[in-house]
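A.B. asks: Taken in sequence, the protein lines are chains A and B. Heads up: the first sequence begins at 1 in the numbering used here, then just goes up one per residue. Heads up: the second sequence begins at 111 in the numbering used here, then just goes up one per residue. We put the beta carbon where it would ideally sit given N, CA and C, even for glycine. Just so it is clear, the structure is predicted and the values come from calculations on it, not from any experiment. First, the structure itself, so that you have it in front of you.
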Amino acid sequence: NAGVTQTPKFQVLKTGQSMTLQCAQDMNHNSMYWYRQDPGMGLRLIYYSASEGTTDKGEVPNGYNVSRLNKREFSLRLESAAPSQTSVYFCASSSESEQYFGPGTRLTVT
Amino acid sequence: GDSVTQMEGPVTLSEEACLTINCTYTATGYPSLFWYVQYPGEGLQLLLKATKADDKGSNKGFEATYRKETTSFHLEKGSVQVSDSAVYFCALEGGGGNKLTFGTGTQLKVEL
Numbered sequence: 001n002a003g004v005t006q007t008p009k010f011q012v013l014k015t016g017q018s019m020t021l022q023c024a025q026d027m028n029h030n031s032m033y034w035y036r037q038d039p040g041m042g043l044r045l046i047y048y049s050a051s052e053g054t055t056d057k058g059e060v061p062n063g064y065n066v067s068r069l070n071k072r073e074f075s076l077r078l079e080s081a082a083p084s085q086t087s088v089y090f091c092a093s094s095s096e097s098e099q100y101f102g103p104g105t106r107l108t109v110t
Numbered sequence: 111g112d113s114v115t116q117m118e119g120p121v122t123l124s125e126e127a128c129l130t131i132n133c134t135y136t137a138t139g140y141p142s143l144f145w146y147v148q149y150p151g152e153g154l155q156l157l158l159k160a161t162k163a164d165d166k167g168s169n170k171g172f173e174a175t176y177r178k179e180t181t182s183f184h185l186e187k188g189s190v191q192v193s194d195s196a197v198y199f200c201a202l203e204g205g206g207g208n209k210l211t212f213g214t215g216t217q218l219k220v221e222l
């Protein structure tokens with residue numbers, strides 16, 4: 001049982017480049033989330049999806065877009081990367097009582 | 111809005127020492143409270159949770175009690191091990207949609 005998987009694990013972008021972070025879960029969860037983790041700031045919610053076909057902004061959505069492709073997959077897109085988006089990005093999915101996290105993507109924007 | 115405040119780290123302890131990591135929260139209504147743990151290079155894992163006042167969550171020797179009167183959910187362990195070295199996050203879920211609000215995390219280092 002793979003749980004929550006994320007690709008890629010590491011990525012370096014130049015300012016202005018675009019990329020998509022992929023996330024998939026095999027637990028049949030309705031809800032999925034994207035967080036960023038920065039030193040001294042904990043995890044902050046970027047976007048979430050309560051069910052297939054719906055997405056909503058979280059605390060820090062600016063500069064990002066998301067797509068809930070189907071029940072399994074929830075992607076995060078950076079259209080024009082900025083150095084302020086250097087971070088570790090975590091995807092999660094949830095049952096009613098617990099969120100399950102992927103291993104993270106470490107993104108550096110130079 | 112909802113917020114979680116936890117003690118800053120790093121916290122460095124000797125093996126078998128007692129651990130307390132403080133966590134207080136601000137929320138409307140009656141949130142559920144969680145402790146997550148992040149081992150180096152990994153994602154977060156749920157350590158324990160409590161869903162109502164006076165509930166005690168426990169797992170792997172860790173405990174935390176939901177104290178509504180002091181809006182606290184302090185993490186405790188009687189005897190830490192080197193393998194407990196990790197970052198610990200306090201979190202609450204209060205607004206529906208299973209969305210979590212996290213504290214900033216507390217790094218724990220346990221030395222022999």
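Let's see if you can read the secondary structure: which residues bound the beta strand (DSSP E) around A/Met19?
C.D. replies: 19-25 is the span of the beta strand (DSSP E), which, as asked, contains A/Met19.
A.B. asks: Using beta-carbon positions only, say whether B/Leu202 and B/Ala137 come within less than 8 Å of one another.
C.D. replies: Yes.
A.B. asks: Looking at B/Thr130: is its Cβ nearer than 8 Å to the Cβ of B/Ser142?
C.D. replies: Not a contact, by the Cβ cut-off of 8 Å.
A.B. asks: Give me the subset of the region 153-183 of chain B whose CB atoms are less than 9 Å from a CB atom of chain A, sorted by chain position.
C.D. replies: If the cut-off is 9 Å between Cβ atoms, the region 153-183 of chain B has Gly153, Leu154, Gln155, Leu156, Lys159, Thr161 near chain A.
A.B. asks: For B/Val192 and B/Ser124, what's the separation of their Cα atoms in angstroms?
C.D. replies: About 8 Å.
A.B. asks: Are B/Phe199 and B/Leu154 closer than 8 Å when you measure CB to CB?
C.D. replies: Yes, they are a contact pair.
A.B. asks: Starting from the C-beta of B/Ser195, find all residues in its chain whose C-beta is less than 7 Å away, skip the five residues before and the five after it, and write them out in chain order.
C.D. replies: Correct list, in chain order: Leu218, Lys219, Val220.
A.B. asks: How about A/Tyr35 and A/Phe74: are their beta carbons less than 8 Å apart?
C.D. replies: No; because the gap between Cβ atoms is not below 8 Å, this pair is not in contact.
A.B. asks: Note down the Cα distance separating B/Thr216 from B/Ser113, rounded to an integer number of angstroms.
C.D. replies: Each residue's alpha carbon lies about 16 Å from the other.
A.B. asks: Can A/Gln22 and A/Arg72 be called in contact, C-beta distance under 8 Å?
C.D. replies: No.
A.B. asks: Out of B/Lys187, B/Tyr149, B/Gln116, which one is the CA nearest neighbour of B/Asn169?
C.D. replies: Among B/Lys187, B/Tyr149, B/Gln116, the Cα nearest to that of B/Asn169 is on B/Lys187.
A.B. asks: Can you tell me whether A/Ser80 is buried or exposed, with buried defined as 16 or more other CB within 10 angstroms of its CB?
C.D. replies: That one is exposed.
A.B. asks: Enumerate in chain order the residues of its own chain whose CB-to-CB distance from A/Arg106 is below 6 Å, with the five nearest sequence positions on each side excluded.
C.D. replies: Once the five neighbours on either side are set aside, the close Cβ partners of A/Arg106 are Phe10, Val88.
A.B. asks: Would B/Gln149 be called buried (16 or more neighbouring beta carbons within 10 Å of its own) or exposed?
C.D. replies: Sequence check: residue 149 of chain B is Tyr here, not Gln. It is exposed - the Cβ of B/Tyr149 has fewer than 16 other Cβ atoms within 10 Å.
A.B. asks: Look at A/Gln99 and A/Gly63 and say whether their C-beta atoms are less than 8 Å apart.
C.D. replies: Not closer than 8 Å, so no.
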